[in-house]
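Below is one structure, written out as structure tokens; the observations come after it.
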Amino acid sequence: MGSGASAPLAAATKEASSEDLKKVLSAMSEGDRKKIQTALDSTSTSGGGGVTAAILAKQNSETSQAILEAFKGDENFKKLSDRLCKEIIQRDNEDGEKLAKGITLAVEKGVLPKDVTVEPTKKVSVSGKAAEAVAYEIIAALGDAPSKGCVMVLQGLSGTGKGTTVAKLKDKLPNAQTWSNGNIFRALTLLAVTHSEKEKCPLEDALKPEKLAEFCGMLEFDKFGKDFFDVKIEGLGLKHFVSEMEKTVLKDSNVAKNIPTVAEVTQGEVVKFVCSALDKMAAAGINVLVEGREQTLNHIRTPHRFELVLDDTSIIGQRQAALQAGGIAWEQVGKSATASEAEVKAGIIAAIAKLAA
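This is the structure we're talking about:
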């Protein structure tokens, strides 16, 4: 029995028979007990093995893959995976439509060019591959570019592993840095909100094209005598470096609550600023890793373009289901790295059933 495991799971034995596993229900509400009872009754006691506490403790792609392999035949896991897959694809489509509208608006304002020639994008299948293998495939395709500094963009559906792949690439490539547009949106929002407060006008007035052009002129990307690149915000009485206030001023509630409104109309301004920043970084020998959506990445000029694809998109839902179940199961076993395999199995079964309900 693993020390530190929760009371219900501590009753599970190494053999983990169906009756043993049902003891996980003892500390649950009546409603949850009925849901989990059904799951336990319908789950083969021979399935779901192989996920150890050590693997569960990692809470990473290895954890998700182990849970996926162990429970892919479970009916509740299938139900949960199917639902999550549909939700993720629907959300991707909705986000894509919003981005497309933002890019169209930017073109209409003359911020971005109407016609762009997008360099060939190499599709990388991630089906059945670990993130490390995917990263090595991309590195091989980059050739000698990383020795000089380059911009690499990575697109793909949610759930294909873009974030994990970028993290692996950052570890393996020399002088590599990731890029996020988040702080640029926050900086523009700060300027728009500040203008609105100073002029006592609606925020919408601060989002007119001419005003946004002024705000963009108040942002500068350079090293400013430091050993790293930074963004300087200077104007409207403000003078800040993003690195010094990204966790304070840029996270202020007045900024946070207005980001969605500002982001709707500043896609083009942000992309234009980012393109200039990325070019500076690459010229300085930095390998910049950018992951995102096709609509915006199409406006970043680089020959190093990749798209993660899956032969079967149902894997997206399975990965997300495994990720969510793993997080709940880790809580169920009291975050004990010495919990028995039976305790882990019971926790995962309970988590899957609850999520599928």
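Taken in order, the sequence shown gives residues 1 to 357; the numbers are from UniProt numbering.
Each residue gets a CB set at the ideal place from its N, CA and C atoms; glycine is no exception.
Compute the distance between the beta-carbons of residue i and residue j, then report whether it is under 8 angstroms.
{"i": "residue 181", "j": "residue 116", "result": "no"}
{"i": "residue 155", "j": "residue 286", "result": "no"}
{"i": "residue 207", "j": "residue 193", "result": "no"}
{"i": "residue 109", "j": "residue 209", "result": "yes"}
{"i": "residue 138", "j": "residue 191", "result": "no"}
{"i": "residue 289", "j": "residue 183", "result": "no"}
{"i": "residue 330", "j": "residue 57", "result": "yes"}
{"i": "residue 121", "j": "residue 306", "result": "yes"}
{"i": "residue 52", "j": "residue 344", "result": "yes"}
{"i": "residue 150", "j": "residue 282", "result": "yes"}
Quick check on DSSP: helix, strand or coil for residue i?
{"i": "residue 367", "result": "Nothing in the structure corresponds to residue 367, since the chain is present only between 1 and 357."}
{"i": "residue 195", "result": "helix"}
{"i": "residue 261", "result": "helix"}
{"i": "residue 116", "result": "coil"}
{"i": "residue 155", "result": "strand"}
{"i": "residue 235", "result": "strand"}
{"i": "residue 121", "result": "coil"}
{"i": "residue 337", "result": "coil"}
Using only alpha-carbon positions, find the residue among the options that is nearest to residue i.
{"i": "residue 319", "options": "127, 114, 198, 346", "result": "127"}
{"i": "residue 227", "options": "238, 188, 120, 175", "result": "175"}
{"i": "residue 199", "options": "237, 164, 185", "result": "237"}
{"i": "residue 170", "options": "186, 132, 302, 65", "result": "132"}
{"i": "residue 60", "options": "322, 301, 92, 102", "result": "322"}
{"i": "residue 99", "options": "299, 340, 141", "result": "299"}
{"i": "residue 195", "options": "218, 67, 283", "result": "218"}
{"i": "residue 220", "options": "92, 278, 111", "result": "278"}
{"i": "residue 83", "options": "352, 328, 317, 326", "result": "317"}
Considering just the uninterrupted stretch of the alpha helix (DSSP H) at residue i, what are its terminal residues?
{"i": "residue 166", "result": "162-172"}
{"i": "residue 59", "result": "Premise fails: residue 59 is in no alpha helix (DSSP H) and is neither H nor E."}
{"i": "residue 344", "result": "341-356"}
{"i": "residue 131", "result": "131-142"}
{"i": "residue 81", "result": "75-109"}
Just curious, the beta strand (DSSP E) that residue i is in, first and last residue?
{"i": "residue 178", "result": "176-178"}
What residue ranges within the region 200-231 form continuous alpha helix (DSSP H) runs of no fewer than 4 residues, ordered along the chain?
203-206, 209-216
Any chance you could list the alpha helix (DSSP H) runs of at least 4 consecutive residues sitting entirely within the region 243-312, in chain order?
Counting only unbroken stretches of 4 or more residues, the alpha helix (DSSP H) elements lying wholly within the region 243-312 are 253-256, 259-265, 267-283, 294-297, in sequence order.
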